[in-house]
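Peer 1: Protein chains in written order, with numbering that gives the first Met the number 0: chain A, 0 to 148; chain B, 0 to 412; chain C, 0 to 370. The C-beta atom is built at its ideal place from N, Cα and C for all residues, glycine as well. Below are the structure tokens for one structure; questions will follow.
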Amino acid sequence: MNDNNSRRDFLSWLTGLGSLAFLGSIFYPVYKFLIPPESTEAIVSQVKLPFTRSEIEGDEKKAKTFKFGRTLGLIILTGEGELKAMAATCTHLDCTVQHRPDLEIIWCSCHNGRYDLDGKNISGPPPRPLEKYVVNEIKGEIFVSKETT
Amino acid sequence: MIKIKFTLIFIGLLLFSINGFGSDNNCLNCHLDWESEEGSAAKYARDIHSQKGLGCTECHGGDPSLDDMDDVRDSKGYRGVPNHLEVPDFCARCHADAAYMHEHNPSLPVDQLAKYKTSVHGQRLFARKDKKVANCISCHSVHEIGTGQMPYSSTYPTNLPATCGECHADKEYMAEYDIPTDQLEKYRSSVHGQALLQRGDLGAPACNDCHGNHGAAPPGVASLAAVCGVCHALEAELFAISPHAEAYRENDFPMCETCHSNHDIIKPYDEMIGAVGSAVCTNCHSADDGTIGLSTADSILVSINNLVQAHAQAKRRLNEAIYKGMMTTDEEFLLKEVDQTLIQARTLVHSFNMDSVAPKARAGIAKADTIIANAAGLIDEYYFRRKGLGVATLIITFLAIMLYRKIRKIESR
Amino acid sequence: MDGFQSGPIKNSYKWLDERLKINALIEYMGSKEVPRHSHSIFYYLGGITLFLFIVQVITGILLLMYYRPGADSAYESVKFIVSEVSFGWLIRSIHSWSANLMILAAFFHMFTVFFTRAYRKPRELTWYTGMGLLALSMTFGFSGYLLPWNELAFFATRVGTGMAGAIPVIGDFLMVIMRGGEEVTGATIGRFFGLHVAILPLLTTGLLTMHLIFVQRQGMSEPMHWAGKKREEKKFMKFFPNFLYRDALVWLVALNILALLAVIFPDGISVIHWPLGEKADPFAPPPPVIRPEWYFMFAFQALKMFPPHIWFIEGELFGIIIFGLGGLIWMLIPLLDRGASENKPSKLVMTFGAFVILFIVVMTIVGYLVE
């Protein structure tokens, strides 16, 4: 009789534990779900750059690349101190372009394609200009967004 | 009454037929009717000169208001049809006249004849009176001349190789000249030929981009690097400061062409550099030639191959994660960066210096390693989810059994 | 109270009863019984549908924390949920699976009710509210499908709303109201979103409450071959706690199956597939195969198979009329099958039901094979 009782108690206890585990396996994911992840949003028409103007100035080519949605972008600091941003993929055969402050052009090293600082293709194989982006500086942070026609 | 009407109509028709095309180009009255559709008169409407408002007599001379052939021939200023040797001067009457060209198209150069005279074609035509070499109309056609920007023109980049090939690929025609006739065939199979002719990439060179058009001549040995370097600037720059530059100059070896050939330029592959027999390095270098040539070549190949392998492995792992349905945008980005590093490393080969190649390869391998690590993490996450599911299933199954037992207990009463 | 432990539960009950006089209600509920017979397993189907609906509400509210409607943000937010948010992939996957399983369960529930003719008097209202709930579920499915704003959903919605435009007289008006314009755009997302998270839940709550009250009030329908039997000849089980425990067991198993499907097949199985894929691009050419969701496939396929013209009527229009009529007959079956309340067997009704099932199954299969 006692054995039966203790067995029943054990099973009740186990069931209680199981129920707790069950509720845990439901509430734990919900709890984790509600905690916001690191990158709080997912807009891809605008991106905040993870570096500052002075970091761009400090770069020897006065330029940096950044991720813009699924594409790569390039931001440069012109001789006049202006920040300009554009797509970084050459329109010829998809190499990544670079800033050449010595020649005041955007240059593609693959086949010597050249763009002016607004992304317009001026020499060599590239058939189309680079897509231009809009740069906004707010309180020391740089925001790059697509041009709205 | 009817007779008068008839006469009036007849006179009217006569007058009409005389004035049919206006009095400024009666040539076409007959030449259009009598020639076939492939004849000069029919083709002329497409010609750039026609579009600029020039008629038959602006080149051939004579009086356009006349409509009898013999009258025209006798008229003042008639120049007729030039023979093969006379053509360059015939065209240059306008095209080398800066003042005249300024009125019609100020941006067109007027040095074509001067350049032509320096070309192989020009030299043979003028000095040797060779009637087989190319003159203006051999390349530009006649009566349907289009500019190089018109897709139907014989000088449009995608048509140009075939235009040159009309003579230069014809073995019998070229038999008396001591030059090969396989250039067109080689070019068609080359990277440039495929890019231009199959993909329509106008950034790729046609014959004139390397050989010049009016001053056509094979680039000299010394200038070849400059010619290739117009597009392949970085490779040319690297080569110029490499140990090879001096050596090639001293030995009069054509740069670029020595390793990459001239017309049948194939897509370079990594094993072109190295110390084994199939590498181009061994054409000059040997193991005991007193230079570090072959050993450097070997190290460079090893370095590049390491990067290639790292890239391939990263791609494999990433694809595994993608196939398992995990989200991999960041890693895909990184893989593109590794692609870019590979291109850069392969370009740096032209420095023939491990100090340039090795660090670049290492950087690429480091990125590839990151991808592999991340992909492994994603795949672990995939299995973790299944383990989590397994645990949850066990819990639920246990509870379900307990519940079932409770039901049985209640109902056994 | 049988089966209740002593102590806190008994005390809470007493506390409530002193204030709300729930004793009579509890005694009434305690006396409820569920018939036991060879087909009583079908009684669980309604509960499964309810369970899956509750899962939808919970996962839907969770998704609402991160989803942002709009052509520039919908796709990105869903991608964000699935890749960045902890367990986001799981919540989304459960939501998609539960949606499909709920509609499947609803169909099974409806067909078992039909074939046991449980819609007969006095349960006609339960049938009518049930039909309303089915229509609401399918509308839930249709509106929710567009929300990720991916290629799949965009074209399926364009085709679906386009078909609505084929309805005579009101068709064009209906289509414009549905789309929020002439074409499927971000405006459509706005409307479908409002429909999906506000209007439909409101209507469903209303109809569902009525449906459940009716079931509770009237109890489960007894099988027709019990008519005329005496009380002692019939077998019953108590609703509280027996049937409820059994129901809980079924719900646990359903939850487990749902979890298994959500983890092992997060994007669906074979042709019933909802990978996130590419963002919708209205200017891109449509993919070679556009499919509506499986529960619309039979109608989609059948409409395609009508010849272009029947007499003087346009084929598609004729098809819509036929469907409309069929749907109407199905909906009004309690009215048309009066013999059921007198326990008269009806080969006609049974045959009609069998034909409808066959039609739906065959058309659905054909729809997937043909493409």
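What residue range is occupied by the uninterrupted beta strand (DSSP E) comprising Lys131/A?
Peer 2: For the purposes of this step, residue 131/A is taken as the residue at position 132 of the first sequence. That run of the beta strand (DSSP E) goes Lys131 to Ile137.
Peer 1: Assuming Thr396/B contacts Leu259/C under a Cβ cut-off of 8 Å, what Cβ separation, rounded to an integer in Å, is found between them?
Peer 2: Position 397 of the second sequence, counted from the start, is the residue given in the question as residue 396/B. Position 260 of the third sequence, counted from the start, is the residue given in the question as residue 259/C. With a Cβ gap of about 11 Å, Thr396/B and Leu259/C do not count as contacting.
Peer 1: Would you kindly check if the distance between the Cβ of Met219/C and the Cβ of Val33/C is under 8 Å?
Peer 2: As a first step, residue 33/C must be located in the third sequence, where it is residue number 34. As a first step, residue 219/C must be located in the third sequence, where it is residue number 220. A contact, by the Cβ cut-off of 8 Å.
Peer 1: If we count the other Cβ atoms within 10 Å of its Cβ and call it buried at 16 or more, is Phe108/A buried or exposed?
Peer 2: Taking the first residue of the first sequence as 1, we reach residue 108/A at position 109. One detail in the question is off: residue 108/A reads as Ser in this sequence, not Phe. Ser108/A is buried by the Cβ-count criterion.
Peer 1: Roughly how many angstroms separate the alpha carbons of Met0/C and Leu19/C, rounded to a whole number?
Peer 2: For the purposes of this step, residue 0/C is identified with residue 1 of the third sequence, where counting begins at 1. For the purposes of this step, residue 19/C is identified with residue 20 of the third sequence, where counting begins at 1. Unreliable positioning characterises Met0/C in this predicted model, as indicated by a pLDDT of 45, which lies under 50. The coordinate reading is nonetheless provided below. Whole-angstrom Cα-Cα distance: 18 Å.
Peer 1: Classify Ser95/C: buried if its beta carbon has 16 or more other beta carbons within 10 angstroms, exposed otherwise.
Peer 2: To locate residue 95/C, count along the third sequence from 1; it is residue 96. With 16 or more other Cβ atoms within 10 Å, it is buried.
Peer 1: At 8 Å on the CB atoms, spell out the chain B contacts of Lys145/A, in chain order.
Peer 2: Reading the first sequence from its first residue, position 146 is the one you call residue 145/A. The premise fails here: Lys145/A is roughly 18 Å from chain B at the closest Cβ pair, so nothing lies under 8 Å.
Peer 1: What's the C-alpha gap between Gln197/B and Ala203/B?
Peer 2: Taking the second sequence and counting its residues from 1, the one referred to as residue 197/B is at position 198. Taking the second sequence and counting its residues from 1, the one referred to as residue 203/B is at position 204. Their Cα atoms are separated by approximately 11 Å.
Peer 1: Terminal residues of the continuous alpha helix (DSSP H) containing Gln197/B?
Peer 2: The residue you call residue 197/B lines up with position 198 of the second sequence. Unbroken run through Gln197/B: none, as it is neither H nor E.
Peer 1: Under the assumption that Ile364/B contacts Ala309/B (Cβ atoms under 8 Å), give the Cβ distance between them as a whole number of angstroms.
Peer 2: Here residue 364/B refers to the residue found at position 365 of the second sequence. Here residue 309/B refers to the residue found at position 310 of the second sequence. Between Ala309/B and Ile364/B the Cβ distance is about 4 Å, and since that is below 8 Å, they are a contact.
Peer 1: On the DSSP letters alone, give me the boundaries of the alpha helix (DSSP H) that Val249/C sits inside.
Peer 2: Walking along the third sequence from the start, residue 249/C turns up at place 250. Unbroken alpha helix (DSSP H) run through Val249/C: Leu243 to Ile263.
Peer 1: Can you pull the DSSP bridge partners for Trp106/A?
Peer 2: Start at 1 with the first residue of the first sequence, and residue 106/A comes out as number 107. DSSP lists Gln97/A and Arg113/A as partners of Trp106/A.
Peer 1: Which two residues bound the contiguous beta strand (DSSP E) that contains Met100/B?
Peer 2: The count along the second sequence starts at 1 and reaches residue 100/B at position 101. It is not in any beta strand (DSSP E) - Met100/B instead sits in the alpha helix (DSSP H) that spans Ala97 to His103.
Peer 1: Do Phe297/C and Ile359/C have their CB atoms nearer than 8 Å?
Peer 2: Numbered from its first residue, the third sequence carries residue 297/C at position 298. Numbered from its first residue, the third sequence carries residue 359/C at position 360. Yes, they are a contact pair.
Peer 1: If distances are taken between C-alpha atoms only, which option among His83/B, Ala375/B and Val307/B comes closest to Arg361/B?
Peer 2: Start at 1 with the first residue of the second sequence, and residue 361/B comes out as number 362. Checking every option, the nearest Cα to that of Arg361/B belongs to Val307/B.
Peer 1: With three or more beta-carbon pairs closer than 8 Å as the criterion, would you say the region 266-281 of chain C touches the region 130-150 of chain C?
Peer 2: Because the criterion of three Cβ pairs below 8 Å is met, the region 266-281 of chain C and the region 130-150 of chain C touch.
Peer 1: Please state whether DSSP places Asn305/B in a helix, a strand or coil.
Peer 2: Taking the first residue of the second sequence as 1, we reach residue 305/B at position 306. Asn305/B falls in the helix class under three-state DSSP.
Peer 1: Applying the 10 Å Cβ sphere with the 16-neighbour rule, what's the burial state of Trp310/C?
Peer 2: One-based indexing of the third sequence puts residue 310/C at position 311. Burial call: exposed.
Peer 1: Determine the burial state of Trp33/B: buried for a count of at least 16 other Cβ atoms within 10 Å of its Cβ, exposed for fewer.
Peer 2: Start at 1 with the first residue of the second sequence, and residue 33/B comes out as number 34. Counting Cβ neighbours within 10 Å, Trp33/B comes out exposed, since fewer than 16 surround it.
Peer 1: Can a CB atom of chain C be found closer than 8 Å to the CB of Lys130/B?
Peer 2: As a working mapping, residue 130/B is identified with position 131 in the second sequence. No, Lys130/B lies away from the interface with chain C (no Cβ there is under 8 Å from its Cβ).
Peer 1: Going by DSSP in three states, His308/C sits in which element: helix, strand or coil?
Peer 2: Walking along the third sequence from the start, residue 308/C turns up at place 309. His308/C: strand per DSSP, three-state reduction.
Peer 1: Count the CB pairs spanning the region 54-64 of chain A and the region 81-99 of chain A that are closer than 8 Å, and state whether there are at least three.
Peer 2: Taking 8 Å as the limit for Cβ pairs, the verdict is that the region 81-99 of chain A does touch the region 54-64 of chain A.
Peer 1: From the DSSP output, in three-state form, read off Ile465/B for me.
Peer 2: This structure cannot speak to residue 465/B, because chain B is shown only from 0 to 412.
Peer 1: What residues in the region 233-252 of chain C have a beta carbon less than 8 Å from any beta carbon of chain B?
Peer 2: Flagged, chain order: Met236, Pro240, Asn241, Tyr244, Arg245, Ala247, Leu248, Leu251 and Val252.
Peer 1: Distance cutoff 8 Å, beta carbons only. Does Thr279/C sit that close to anything in chain B?
Peer 2: What you label residue 279/C is simply residue 280 of the third sequence in a count that begins at 1. Looking at the sequence itself, residue 279/C is Ala, so the reference to Thr does not match. So, not an interface residue.
Peer 1: Look at the Cβ atom of Leu402/B, then the Cβ atom of Tyr43/C, and state whether they are nearer than 8 Å.
Peer 2: Position 403 of the second sequence, counted from the first residue, corresponds to residue 402/B. Position 44 of the third sequence, counted from the first residue, corresponds to residue 43/C. Contact flag unset, no.
Peer 1: Counting contacts by CB-CB distance shorter than 8 Å, is Phe142/A in contact with chain C?
Peer 2: Within the first sequence, the letter at position 143 stands for residue 142/A. No, no contact with chain C.
Peer 1: If we count the other Cβ atoms within 10 Å of its Cβ and call it buried at 16 or more, is Trp12/A buried or exposed?
Peer 2: Within the first sequence, numbered from 1, the residue matching residue 12/A stands at position 13. Classification for Trp12/A: exposed.
Peer 1: Straight-line CA distance for Gly143/C to Phe192/C?
Peer 2: Reading the third sequence from its first residue, position 144 is the one you call residue 143/C. Reading the third sequence from its first residue, position 193 is the one you call residue 192/C. Between Gly143/C and Phe192/C, the C-alpha separation is close to 7 Å.
Peer 1: Could you tell me the alpha carbon to alpha carbon distance between Thr203/C and Gly129/C, rounded to whole angstroms?
Peer 2: On the third sequence, residue 203/C is found 204 positions in, with the first residue counted as 1. On the third sequence, residue 129/C is found 130 positions in, with the first residue counted as 1. Looking at the two C-alpha atoms, the distance is approximately 10 Å.
Peer 1: Is it true that the region 214-230 of chain C meets the region 178-193 of chain C, where meeting means three or more beta-carbon pairs spaced less than 8 Å apart?
Peer 2: The answer is no - the region 178-193 of chain C does not touch the region 214-230 of chain C, with fewer than three Cβ pairs under 8 Å.
Peer 1: Please confirm whether Leu259/C has its beta-carbon closer than 8 Å to some beta-carbon of chain B.
Peer 2: As a first step, residue 259/C must be located in the third sequence, where it is residue number 260. Yes, Leu259/C counts as interfacial toward chain B.
Peer 1: Looking only at its own chain, which residues have a Cβ that is under 7 Å from the Cβ of Ser82/C, when we skip the five neighbours before and after it?
Peer 2: Looking up residue 82/C in the third sequence gives position 83. Closer than 7 Å at Cβ, skipping near neighbours: no residue.
Peer 1: Suppose you measure from the CA of Gly19/B to the CA of Gly192/B; what does that come to, to the nearest Å?
Peer 2: Counted from its first residue, the second sequence places residue 19/B at position 20. Counted from its first residue, the second sequence places residue 192/B at position 193. Note on Gly19/B: pLDDT 46, under 50, position unreliable in the model; the coordinate value appears next. Computed Cα separation, rounded: 48 Å.
Peer 1: Using only the alpha-carbon positions, how far apart do Leu145/C and Ser44/A sit?
Peer 2: Sequence index remark: in the third sequence, residue 145/C carries index 146 (1-based). Sequence index remark: in the first sequence, residue 44/A carries index 45 (1-based). Taking the straight line from one Cα to the other gives about 21 Å.
Peer 1: If we count the other Cβ atoms within 10 Å of its Cβ and call it buried at 16 or more, is Asn205/B buried or exposed?
Peer 2: Start at 1 with the first residue of the second sequence, and residue 205/B comes out as number 206. For clarity, residue 205/B is Ala in the given sequence; the question names Asn instead. Result: buried.
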